[in-house]
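Participant:
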Amino acid sequence: MKKVLLIMLLLPLMSRAQELYDIPEGAATRWISFENPTGAKGRGAMENKGGKGHPCDTLHAGGSKILADIQGAGIINRIWITISNRSPAALRSIRIEMYWDGATKPAVAVPLGDFFGVGLGRRLPFQNVFFSDPEGRSFNCNIPMPFNKRARIVLINEGTEKQALFYDVNLTTVKRHTKEILYFHAYWSSNAGAALGQDFSVLPKVSGKGRYLGANFGITTDKSYSDTWFGEGEVKMYLDGDTQFPTLAGTGTEDYIGTAWGQGVFAHMYQGCPIADKEKRQYAFYRYHIPDPVYFQSDCHVIIQPMGGGTTDQVRQLLKAGARLKPVSVSTEKEIVKLLEMPAPPSLESNTFPNGWVNFYRVDDYSATAYFYLDKPENGLPALAPLKVRLSGL
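Going by this note's numbering, the first residue of the sequence shown is number 176, and it counts up by one from there.
1. Check each candidate in A202, Y536 and P230 and name the one with the smallest Cα separation from Q373.
2. Return the first residue and the last residue of the alpha helix (DSSP H) that N215 is part of.
3. Less than 8 Å between C-beta atoms, sequence neighbours within five positions excluded: which residues of the same chain meet that for A264?
4. Under the three-state reduction of DSSP, which class applies to E516: helix, strand or coil?
5. I'd like to check one pair, V293 with A496: are the Cβ atoms closer than 7 Å?
6. Per the DSSP calculation, L242 is bridged to which residue(s)?
7. Entirely within the stretch 251-327 and at least 3 residues each: give me those beta strand (DSSP E) ranges in chain order.
8. Would you mind stating whether T422 and A203 have Cβ atoms separated by less than 7 Å?
9. Please state whether DSSP places I182 in a helix, a strand or coil.
10. Grouping DSSP H, G and I as helix and E and B as strand, with all else coil, what is A560?
11. When DSSP labels each residue in this structure, what does R456 get in the three-state scheme?
12. What does a CB cutoff of less than 7 Å around R160 pick up in its chain, not counting 5 residues either side in sequence?
13. T428 by DSSP, collapsed to three states: which one?
14. Look up V655 in the DSSP assignment and say whether it is helix, strand or coil.
15. Leaving out five residues before and five after Q472 in sequence, what residues of the same chain have Cβ atoms less than 6 Å from its Cβ?
16. With distances taken Cα to Cα, identify the nearest neighbour of N317 among F290, T426 and V505.
17. Starting from I495 and walking both ways along the alpha helix (DSSP H), at which residues does that stretch end?
18. Taking 7 Å as the threshold (C-beta atoms), are I258 and L340 in contact?
19. Do the CB positions of H235 and K337 come within less than 7 Å of each other?
20. In chain order, what residues of the same chain have a beta carbon less than 6 Å from the beta carbon of G288, not counting five sequence neighbours either side?
21. Tell me the DSSP secondary structure of N366 in three-state form.
22. What residue from L195, H443, F375 and V538 has the CA that sits closest to V304's CA?
23. Among I478, V505 and V285, which one has its Cα closest to the Cα of T527?
24. Quick one: residues in its chain with C-beta nearer than 8 Å to the C-beta of L299, no 5 flanking neighbours on either side, listed in chain order?
25. Can you give me the C-alpha to C-alpha distance between P321 and Q446, rounded to a whole angstrom?
26. Relative to the alpha-carbon of T396, which residue among G226, V283 and D452 has its alpha-carbon at the smallest distance?
27. When the distance is taken between beta carbons, is G531 closer than 7 Å to W404?
28. Given V538, which residues of its chain have a CB within under 7 Å of its CB, disregarding the five upstream and five downstream residues?
29. Please look up how many angstroms separate the CB atoms of Q378 and H476, rounded, as I've assumed it's under 8 Å.
30. Between H549 and A284, is the Cβ-Cβ spacing less than 7 Å?
31. Would you mind sorting K411 into buried or exposed? The rule is 16 or more other CB atoms within 10 Å of its CB.
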């Protein structure tokens with residue numbers, strides 16, 4: 176029995192080791208950068224007789240740069256980028272777009288900073304399974320991105336300043352994929368103009384077969400709620416025909432990213448909170464579903480509830496000061512009072528309102544970047560929000 180258990184434990188490690196010394200038939204390695212913009216064999220570092228002739232270029236204000244335009248089949252394995260101005264406004268003003276197999280609409284259209292793992296247009300050292308920023312000055316992504324016929328990656332600068340741009344795209348080319356592939360997609364959204372009690376769609380409904388990889392979130396809490404807790408909202412995933420109620424439901428915001436009783440700074444492999452800035456009222460956090468995959472066969476829709484909590488006295492004071500809020504439940508010493516199931520719930524100002532921890536809808540500034548695979552190169556989601564919306568709340 177012990178021998179069997181040992182083999183079972185070693186199998187995943189043996190599989191990974193096998194991949195390291197296996198060379199897939201017909202595979203070739205290519206790096207694309209300004210030193211070899213096509214990635215062609217034997218065509219790298221040709222300028223200045225090989226003496227670092229073209230390590231970077233300029234991304235002008237209002238301009239764009241094609242980072243890669245690859246013909247044939249392959250897999251993008253890694254993307255590294257750095258730019259000269261990494262201010263929050265710049266990181267929201269530059270967007271990265273990716274197109275697969277000749278599609279006319281991008282599978283990825285996301286602000287640069289948000290795409291690379293941290294929201295709110297802020298950079299800092301961190302590392303997780305998909306993204307890293309060793310010293311707060313660079314952007315690294317190692318999500319595998321397969322394609323059958325063509326891959327195109329573009330940067331567009333909608334800002335007012337030019338940028339010095341360095342990058343490389345590392346890929347494996349193959350003659351053809353031996354199995355059906357799923358295409359990589361990413362979607363950025365915000366809750367600009369949201370009503371009280373309105374769920375925030377991290378990933379609006381997408382149709383097709385695929386896998387939801389997870390998301391990074393950015394929240395700037397509204398000052399009208401003072402320093403009360405923002406993170407009572409649950410993450411919910413509606414899969415394969417779910418309508419009124421989801422198949423997957425969490426228990427709270429910090430619970431979803433694996434911590435509890437509040438949310439401080441940490442960065443782990445699959446979950447983390449790189450930013451918990453109480454002074455600026457900003458929080459950035461992520462969760463990636465690698466050990467706990469989320470598959471869907473026909474459709475997927477992911478939301479989070481903008482909901483906070485506080486004691487009855489605290490919430491009364493907020494309401495009195497003019498904060499927009501709606502109590503939904505109260506945890507007392509004896510029970511959870513479900514206000515939304517009551518025909519006539521007591522008013523918060525009433526003496527009959529329960530005393531305890533009050534969960535309440537609130538309106539904070541939410542944004543998120545969702546990552547997923549889909550069985551087609553276009554996803555049918557709305558276009559990226561205009562720059563004015565992306566800069567709001569920074």
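Glycine included, C-beta positions come from ideal geometry on N, C-alpha and C.
Facilitator: On the basis of the supplied data:
1. In the sequence shown, counting from the first residue as 1, residue 373 sits at position 198. For Q373, the nearest C-alpha among the options comes from Y536.
2. Position 40 of the sequence shown holds residue 215. Looking at the sequence shown, residue 215 is not Asn but Ala. Element bounds for A215: n/a, residue is neither H nor E.
3. Counting from one through the sequence shown, the residue named residue 264 turns up at place 89. Result list for A264: G296, G334, L566 and L569, in chain order.
4. Reading the sequence shown from its first residue, position 341 is the one you call residue 516. If DSSP states are grouped into helix, strand and coil, E516 belongs with the helices.
5. As a first step, residue 496 must be located in the sequence shown, where it is residue number 321. As a first step, residue 293 must be located in the sequence shown, where it is residue number 118. No, the Cβ-Cβ distance between A496 and V293 is not below 7 Å.
6. Position 67 of the sequence shown holds residue 242. Paired residue(s): none; L242 is not in a bridge.
7. 269-275, 283-286, 306-308, 314-316 and 320-322
8. If you number the sequence shown from 1, residue 422 lands on position 247. If you number the sequence shown from 1, residue 203 lands on position 28. For T422 and A203, no; Cβs fall outside 7 Å.
9. On the sequence shown, residue 182 is found 7 positions in, with the first residue counted as 1. In this prediction, I182 has a pLDDT of 46, which is less than 50 and means its spatial position is unreliable; what the coordinates show is noted afterwards. I182: helix per DSSP, three-state reduction.
10. The sequence position of residue 560 within the sequence shown is 385, counting from 1. It is coil, neither helix nor strand.
11. Position 281 of the sequence shown, counting from 1, holds the residue named residue 456. Looking at R456 - three-state DSSP - the assignment turns out to be coil, as it is neither helix nor strand.
12. No statement about residue 160 is possible, as the shown extent of the chain runs from 176 to 569 and does not include it.
13. Sequence index remark: in the sequence shown, residue 428 carries index 253 (1-based). Residue state, collapsed to three classes: helix.
14. Outside the shown range of the chain, which is 176 to 569, sits residue 655, and nothing can be said about it.
15. Locating residue 472 in the sequence shown gives position 297, where the first residue counts as 1. Correct list, in chain order: K384 and D415.
16. Numbered from its first residue, the sequence shown carries residue 317 at position 142. Closest option to N317, Cα to Cα, is F290.
17. The sequence position of residue 495 within the sequence shown is 320, counting from 1. For the record, residue 495 in the displayed sequence is Lys; it is not Ile. Where K495 is concerned, the enclosing alpha helix (DSSP H) stretches over T487 to K495.
18. Here residue 340 corresponds to residue number 165 of the sequence shown, with the count starting at 1. Here residue 258 corresponds to residue number 83 of the sequence shown, with the count starting at 1. Cβ distance < 7 Å, so L340 and I258 count as in contact.
19. For the purposes of this step, residue 235 is identified with residue 60 of the sequence shown, where counting begins at 1. For the purposes of this step, residue 337 is identified with residue 162 of the sequence shown, where counting begins at 1. Yes, they are a contact pair.
20. The sequence position of residue 288 within the sequence shown is 113, counting from 1. Excluding sequence neighbours, G288 sits near L266 and G296.
21. Within the sequence shown, numbered from 1, the residue matching residue 366 stands at position 191. Residue state, collapsed to three classes: coil.
22. By one-based count along the sequence shown, residue 304 stands at place 129. Minimum Cα distance to V304 is reached at H443.
23. The residue you call residue 527 lines up with position 352 of the sequence shown. That would be V505, whose Cα lies nearest to the Cα of T527.
24. Numbered from 1 along the sequence shown, position 124 holds the residue referred to as residue 299. Around L299: V293, D308, G311, P449 and I450.
25. As a working note, residue 321 is residue 146 in the sequence shown. As a working note, residue 446 is residue 271 in the sequence shown. Each residue's Cα considered, the two are about 25 Å apart.
26. Here residue 396 refers to the residue found at position 221 when the sequence shown is read from its first residue. The option with the nearest alpha carbon to T396 is D452.
27. In the sequence shown, residue 404 corresponds to position 229, counting from 1. In the sequence shown, residue 531 corresponds to position 356, counting from 1. No. Outside cutoff.
28. As a position in the sequence shown, residue 538 is number 363, starting the count at 1. Only A369, L371, D397, P481 and R499 meet the Cβ criterion.
29. Locating residue 378 in the sequence shown gives position 203, counting from the first residue. Locating residue 476 in the sequence shown gives position 301, counting from the first residue. Per the sequence presented here, residue 378 reads as Leu, with Gln not at that position. Their Cβ separation, rounded to whole angstroms, is 7 Å, which keeps L378 and H476 in contact under 8 Å.
30. Sequence index remark: in the sequence shown, residue 549 carries index 374 (1-based). Sequence index remark: in the sequence shown, residue 284 carries index 109 (1-based). For the record, residue 549 in the displayed sequence is Leu; it is not His. No; because the gap between Cβ atoms is not below 7 Å, this pair is not in contact.
31. Within the sequence shown, residue 411 is the residue found at index 236, counting from 1. Buried, because 16 or more other Cβ atoms sit within 10 Å of the Cβ of K411.
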